[in-house]
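Novice: So the sequence shown is numbered by our numbering: it starts at 22 and just counts up by one.
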Amino acid sequence: MKKKIAVVAGDGIGPEIVAEALKVLSAVGEKFGHEFEVEHVLAGGCAIDATGECLPQSTLDTCKAADAVLLGAVGGPKWDTLPGAKRPEKALLGLRAGLGLFCNLRPATVWAPLKDASPLKPEIIGEGLDVLVVRELTGGIYFGDHIRSEDGQSAKDIMAYSVPEIERIARMAFDAARKRNKKVTSVDKANVLETSRLWRETVTRIAAEYPDVELNHFYVDNAAMQLVRDPKQLDVVLTENMFGDILSDEASQITGSIGMLPSASLREDGFGMYEPIHGSAPDIAGKDIANPLATILSIAMMLRYTFGLLEEASAIENAVAKVLNGPLRTGDIATDGTTIVGTKAMGDAVLAAL
Ligand code: NAD
22 MKKKIAVVAG DGIGPEIVAE ALKVLSAVGE KFGHEFEVEH VLAGGCAIDA
72 TGECLPQSTL DTCKAADAVL LGAVGGPKWD TLPGAKRPEK ALLGLRAGLG
122 LFCNLRPATV WAPLKDASPL KPEIIGEGLD VLVVRELTGG IYFGDHIRSE
172 DGQSAKDIMA YSVPEIERIA RMAFDAARKR NKKVTSVDKA NVLETSRLWR
222 ETVTRIAAEY PDVELNHFYV DNAAMQLVRD PKQLDVVLTE NMFGDILSDE
272 ASQITGSIGM LPSASLREDG FGMYEPIHGS APDIAGKDIA NPLATILSIA
322 MMLRYTFGLL EEASAIENAV AKVLNGPLRT GDIATDGTTI VGTKAMGDAV
372 LAAL
């Protein structure tokens with residue numbers, strides 16, 4: 022397979038963690054006989070410095086022409102005084118909108134050797150945890166009209182969803198479930214909201230196309246509770262934009278390791294942008310101490326969800342598991358008795374395990 026990947030290393034630790042992820046991508050290419058051509062482009066603070074814009078048109082064009090995008094992180098104190106619309110983080114919204122990415126996949130995985138980092142009790146985590154939150158990203162209340170009355174004394178935000186919007190995100194969730202444990206939990210507030218009743222009806226209808234995948238429904242308040250009470254019952258959690266925003270953050274916190282969590286934003290044709298969920302960590306940038314595993318695991322997601330290379334994706338995840346079963350840790354996930362290594366050494370350890 023020959024594929025082109027646009028790479029936005031970005032700011033802060035972005036370039037350091039992306040370099041390690043690209044080493045792993047190239048090794049997977051060699052091992053399995055694929056050619057991954059990489060083109061680096063600017064977005065975020067470094068793009069502001071070089072061009073005056075956080076998302077130059079040429080960056081968007083290169084990303085559009087690529088088969089997938091890998092992003093490190095953007096932003097940092099140097100650009101914090103810029104007005105909202107000119108800040109580096111605006112590039113993320115521009116990329117998501119410009120590339121038509123409506124589906125956000127956020128796995129919350131507790132790796133067995135890191136389970137002590139979870140704030141939940143060991144018996145709740147068991148031997149590890151693996152939940153995938155599938156969040157609709159371009160509809161719902163964040164994208165409806167936001168209205169303030171003329172006298173300023175009342176306000177409303179419009180929450181709207183259409184059947185095609187729900188159908189396409191539901192199919193993404195069922196497709197993802199087929200590559201995992203074949204269970205979807207759809208989250209809504211159908212006891213109160215009309216959009217949620219439409220959501221539930223539509224998801225239930227789409228489920229008939231996937232007889233091999235089990236479907237159940239939770240109200241969002243119950244879902245928030247079940248995530249900390251008994252997260253092992255969940256595999257794929259499908260939900261709309263605002264509920265997904267909140268639940269995916271809750272899910273990431275139960276892992277306790279922000280440096281370990283990858284994410285994907287996808288389009289219907291499988292094209293996607295892959296990135297760690299953490300930011301540019303300016304406090305540790307340039308010191309070779311950032312954890313590159315979230316970015317390396319983002320490459321695994323890219324192989325699985327955009328390129329359909331399941332064996333190759335598992336090879337990366339198994340290599341990460343093998344490293345974590347040994348003593349090496351970056352500082353953020355180190356515990357007593359482990360050996361602290363830097364960003365590059367952690368990347369090399371994954372390469373060796375591959
Ligand atoms: P952050 O995720 O960058 O950092 C939070 C804490 O986690 C810091 O102590 C940091 O050192 C640590 N951390 C993060 N990633 C790590 C890693 N891989 N290894 C080890 N430790 C890690 O969040 P923040 O400090 O709130 O934001 C810093 C900047 O990043 C801001 O400018 C923010 O706007 C931006 N940001 C960007 C993205 C993105 O590009 N997707 C996401 C969130 C924040």
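Just so you know, even glycine gets a beta-carbon here, dropped at the ideal spot from N, CA and C.
#1: From the DSSP output, in three-state form, read off arginine 201 for me.
#2: For serine 284 versus glutamate 296, is the C-beta spacing smaller than 8 Å?
#3: Roughly how many angstroms lie between the CA atoms of alanine 302 and threonine 351, to the nearest whole one?
#4: Tell me whether methionine 246 sits in a helix, a strand or coil according to DSSP, three-state version.
#5: Could you tell me the distance, in whole angstroms, from the CA atom of alanine 340 to the CA atom of leucine 219?
#6: Closer than 8 Å is the cut-off here; do at least three beta carbon pairs connect the stretch 42-50 with the stretch 328-337?
#7: Whose C-beta lies closer than 6 Å to the C-beta of asparagine 125 among residues of the same chain, with five residues either side of it excluded?
#8: With a threshold of 7 Å (Cβ to nearest heavy atom), would valine 90 be considered close to ligand 1?
#9: Check whether the stretch 107-115 touches the stretch 64-76, counting contact only when three or more Cβ pairs, one atom from each stretch, lie closer than 8 Å.
#10: CA-CA distance, proline 143 and serine 319?
#11: Could you check the C-alpha separation between alanine 197 and threonine 225 for me, to the nearest Å?
#12: Excluding the 5 residues preceding and the 5 following lysine 99 in the sequence, name in chain order all residues of the same chain whose CB lies nearer than 7 Å to its CB.
#13: Taking just the CA atoms, how far does valine 131 sit from isoleucine 168?
#14: Does the beta-carbon of serine 273, which I'm using as the reference point, lie nearer than 7 Å to any heavy atom of ligand 1?
#15: At a cut-off of 7 Å, would you count serine 175 as near ligand 1, judging by its Cβ distance to the nearest heavy atom?
#16: If you count every other CB in all the chains shown that lies within 10 Å of the CB of alanine 30, and 16 or more means buried, which is it?
#17: Throw me the rounded Cβ distance for the isoleucine 26 and aspartate 82 pair, which I believe falls under 8 Å.
#18: To the nearest angstrom, report how far apart valine 59 and proline 36 are at their CA atoms.
#19: Tell me whether threonine 351 counts as near ligand 1, meaning its Cβ is closer than 7 Å to at least one heavy atom of that ligand.
#20: With a threshold of 6 Å on Cβ separation, who are the neighbours of glycine 97 within its own chain once the five nearest residues in sequence on each side are excluded?
Specialist: Taking the coordinates as given:
#1: On the sequence shown, position 180 is the one that residue 201 refers to. Correct three-state label for arginine 201: coil.
#2: Against the sequence shown, residue 284 aligns to sequence position 263. Against the sequence shown, residue 296 aligns to sequence position 275. Yes. Within cutoff.
#3: The residue given as residue 302 occupies position 281 in the sequence shown. The residue given as residue 351 occupies position 330 in the sequence shown. Spanning the two alpha carbons is a distance of roughly 14 Å.
#4: Position 225 of the sequence shown, counting from 1, holds the residue named residue 246. Helix.
#5: For the purposes of this step, residue 340 is taken as the residue at position 319 of the sequence shown. For the purposes of this step, residue 219 is taken as the residue at position 198 of the sequence shown. Taking the straight line from one Cα to the other gives about 42 Å.
#6: yes
#7: Locating residue 125 in the sequence shown gives position 104, counting from the first residue. If we look at asparagine 125 and ignore the five residues flanking it on each side, its Cβ neighbours are Arg156, Leu158, Ser286.
#8: Residue numbering aside, residue 90 sits at position 69 when the sequence shown is read from its first letter. No - ligand 1 has no heavy atom lying nearer than 7 Å to the Cβ of valine 90.
#9: yes
#10: One-based indexing of the sequence shown puts residue 143 at position 122. One-based indexing of the sequence shown puts residue 319 at position 298. Rounded to whole angstroms, proline 143 to serine 319 spans 26 Å at the Cα level.
#11: Here residue 197 refers to the residue found at position 176 of the sequence shown. Here residue 225 refers to the residue found at position 204 of the sequence shown. Cα-Cα distance, rounded: 16 Å.
#12: For the purposes of this step, residue 99 is identified with residue 78 of the sequence shown, where counting begins at 1. So the qualifying residues of the chain are Gly66.
#13: Against the sequence shown, residue 168 aligns to sequence position 147. Against the sequence shown, residue 131 aligns to sequence position 110. Going from the Cα of isoleucine 168 to the Cα of valine 131 covers about 41 Å.
#14: The sequence position of residue 273 within the sequence shown is 252, counting from 1. Serine 273: no, Cβ never under 7 Å from ligand 1.
#15: Position 154 of the sequence shown, counted from the start, is the residue given in the question as residue 175. Checking the Cβ of serine 175 against ligand 1 gives no.
#16: As a first step, residue 30 must be located in the sequence shown, where it is residue number 9. By the 10 Å Cβ count, alanine 30 comes out buried.
#17: One-based indexing of the sequence shown puts residue 26 at position 5. One-based indexing of the sequence shown puts residue 82 at position 61. The Cβ separation is near 15 Å, so there is no contact.
#18: For this step, residue 59 is matched to residue 38 along the sequence shown. For this step, residue 36 is matched to residue 15 along the sequence shown. Valine 59 and proline 36: Cα-Cα distance of roughly 14 Å.
#19: Numbered from its first residue, the sequence shown carries residue 351 at position 330. Correct: threonine 351 has its Cβ closer than 7 Å to ligand 1.
#20: As a first step, residue 97 must be located in the sequence shown, where it is residue number 76. Closer than 6 Å at Cβ, skipping near neighbours: Asp32, Gly33, Gly66, Ser301, Pro303.
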